[in-house]
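Number 97 in the UniProt record's numbering belongs to position 97 of the sequence shown; there are no gaps in the numbering.
Here is the structure we will look at.
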Amino acid sequence: MPVTTLSGAGALPAIAVYYYRRLYSTEDIGIIRDDMFDWMKGKFTKVRASEFACPWKYWAYIQTPKPDSLLPKLAIAVLSIAVNTATCERLFSALRLLHTTKRNRLGWSKALDIETIAKHVRQRALN
């Protein structure tokens with residue numbers, strides 16, 4: 001794997017830890033950092049992902065011989081997330097209401113701040 005700012009020795013294991021904590025709401029990360037580092041170096045398993053039709057099948061296969069490893073569990077969870085653009089579309093729709101011809105000099109940062117405040121106001125109104 002080529003080394004970049006996102007694929008360096010410390011970056012990918014840190015990303016794995018972050019998403020494991022977020023997806024499973026736990027601080028118990030086991031040895032996921034070590035497993036991720038081994039996977040990056042090609043030492044996690046002798047089986048190659050290219051031998052499988054899809055990434056999900058690869059990680060499901062890896063989970064069988066390594067039942068204590070959290071890395072296959074994390075990979076399957078991440079691959080199971082449905083891609084959805086609704087949140088992004090909703091934000092652009094709200095931005096369209098804020099950024100009108102009269103307010104066309106409004107910067108993206110201020111527009112995002114206004115939308116964040118408006119979101120909190122809407123949530124308070126619902127509660």
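Cβ atoms here follow ideal geometry from the backbone N, Cα and C, with glycine treated the same way.
Going by CA-CA distance only, name the one from R124, H99, M36 that's closest to D113.
-> D113 has its Cα closest to that of H99, out of R124, H99, M36.
Cutoff 8 Å; reference A49; Cβ partners in own chain excluding five residues on either side | Listed in chain order, the non-local C-beta contacts of A49 below 8 Å within the same chain comprise P55, Y58, local neighbours out to five positions each way being set aside.
Option in K46, K43, L70 with minimal Cα separation from I31 = Among K46, K43, L70, the Cα nearest to that of I31 is on L70.
Closer than 6 Å by C-beta to I29: which residues in its own chain qualify, once you throw out the five before and the five after it? Chain order, please.
-> For I29, the CB contacts under 6 Å within the same chain, skipping 5 residues up- and downstream, are V17, Y20 in chain order.
Are the beta-carbon atoms belonging to A86 and E115 less than 9 Å from one another?
-> Contact: no.
Would you check whether the ligand MN has a heavy atom nearer than 8 Å to the C-beta of A125?
-> Within the structure as shown, the ligand MN is missing, as the structure has no ligands at all.
Are the beta-carbon atoms belonging to P13 and D34 less than 9 Å from one another?
-> Yes, these two residues count as a Cβ contact at 9 Å.
Would you mind stating whether L23 and V78 have Cβ atoms separated by less than 9 Å?
-> A contact, by the Cβ cut-off of 9 Å.
Could you give the DSSP three-state label for R124: helix, strand or coil?
-> Assigned with DSSP and collapsed to three states, R124 falls in helix.
So, helix, strand or coil for S80, using DSSP?
-> Per DSSP, reduced to three states, the secondary structure at S80 is coil, with no helix or strand assignment.
Could you tell me the distance, in whole angstroms, from the CA atom of L74 to the CA atom of L91?
-> Within the model, the alpha-carbon separation for L74 versus L91 is close to 29 Å.
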